[in-house]
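Position 95 (the sequence shown) corresponds to 95 in full-length UniProt numbering; numbering is contiguous. A virtual CB, placed ideally from N, CA and C, is assigned to each residue, including glycine. Structure first, then comments.
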Amino acid sequence: MTEWTVHGTRRIYDSEWMSVDLDDVEVPRGERFEHHVLRLPYPSTGVVVVEGENVLLMWRHRFTTGVWGWEIPAGRLEAGETAEVAAVRETEEETGYRVRVEPLITMNPLNGISSHVTHVFVGSGAVKTGEHDPAEAARVEWVPLNEIPALIRKGQIPCGITLAALTTYLTLRTT
């Protein structure tokens with residue numbers, strides 16, 4: 001097994017949200033080139049909130065893709081925050097529900113071009129504490145888990161993190 005060799009990194013863009021680097025890399029067969037890498041300063045979280053046979057989802061529009069779809073609550077960790085604390089905070093801010101969380105998976109959603117990490121949790125014991133954030137979602141609904149495959153087939157769950165989280169949950173809960 002041979003790994004790519006990184007000979008250096010040149011930052012071409014930097015902000016509080018992300019940086020874009022050109023990494024000077026060499027692949028195992030010897031070719032050397034510059035590869036774009038997106039780096040985010042903080043990991044993110046996502047939560048599959050389950051109550052009985054239902055999952056809490058947000059119907060929202062993403063201007064970046066011009067698409068509406070169902071998503072789980074998710075967001076980035078703040079400085080000094082643990083993934084668990086961020087998961088609980090983001091869920092409550094976005095949906096108006098406070099939950100308890102337990103780890104489901106940790107993933108690198110764009111590992112070919114980004115070092116970003118997302119920690120996904122299962123949320124339970126949902127307690128309504130307020131209204132959802134209208135900037136985050138047009139609506140928040142409890143959706144039957146058995147409808148998730150049909151929503152995926154219809155393209156109504158376009159978010160990669162949501163797809164990975166829900167399919168992982170559905171796979172692992174039955175095995």
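{"Asked": "Every unbroken beta strand (DSSP E) inside the stretch 49-93 [3 residues or more]", "Found": "54-62, 67-71, 74-76"}
{"Asked": "G160 (DSSP reduced to helix, strand or coil)", "Found": "helix"}
{"Asked": "Cβ shell of V117 (< 8 Å), same chain only, five flanking positions each side left out", "Found": "P43, S44, T106, M107, N108"}
{"Asked": "For V27 and S114, the rounded distance between their alpha carbons", "Found": "17 Å"}
{"Asked": "Residues of its chain near E94, where Cβ-Cβ distance is below 6 Å and the 5 sequence neighbours each way are ignored", "Found": "P73, D133, E136"}
{"Asked": "Beta-carbon spacing of D14, V37 below 9 Å", "Found": "no"}
{"Asked": "Pairwise C-alpha distance: E71 and T162", "Found": "6 Å"}
{"Asked": "Burial state of G160, where buried means 16 or more other Cβ atoms lie within 10 Å", "Found": "exposed"}
{"Asked": "Inter-residue spacing [alpha-carbon to alpha-carbon] between residue 177 and R39", "Found": "The requested residue 177 does not occur in the structure, where the chain is confined to residues 1 to 175."}
{"Asked": "Cβ-based burial, A87 [other Cβ within 10 Å; buried from 16]", "Found": "buried"}
{"Asked": "N- and C-terminal bounds of the beta strand (DSSP E) containing I105", "Found": "97-107"}
{"Asked": "Supposed contact pair D23 and G48 - C-beta distance, whole angstroms, cut 8 Å", "Found": "Looking at the sequence shown, residue 48 is not Gly but Val. In fact, because the Cβ distance is near 33 Å, the residues do not count as touching under 8 Å."}
{"Asked": "Limits of the unbroken beta strand (DSSP E) element including I12", "Found": "5-14"}
{"Asked": "Cβ-Cβ distance between G123 and V101 below 9 Å", "Found": "yes"}
{"Asked": "Near the ligand PLP: P41 beta-carbon under 8 Å from a heavy atom", "Found": "In terms of ligand content, the structure shown is empty, and the ligand PLP therefore cannot be addressed."}
{"Asked": "Closest Cα partner of T171 within the set P149, H35, G69, E141", "Found": "P149"}
{"Asked": "T2 (DSSP reduced to helix, strand or coil)", "Found": "coil"}
{"Asked": "Beta-carbon gap between G125 and V99 smaller than 9 Å", "Found": "yes"}
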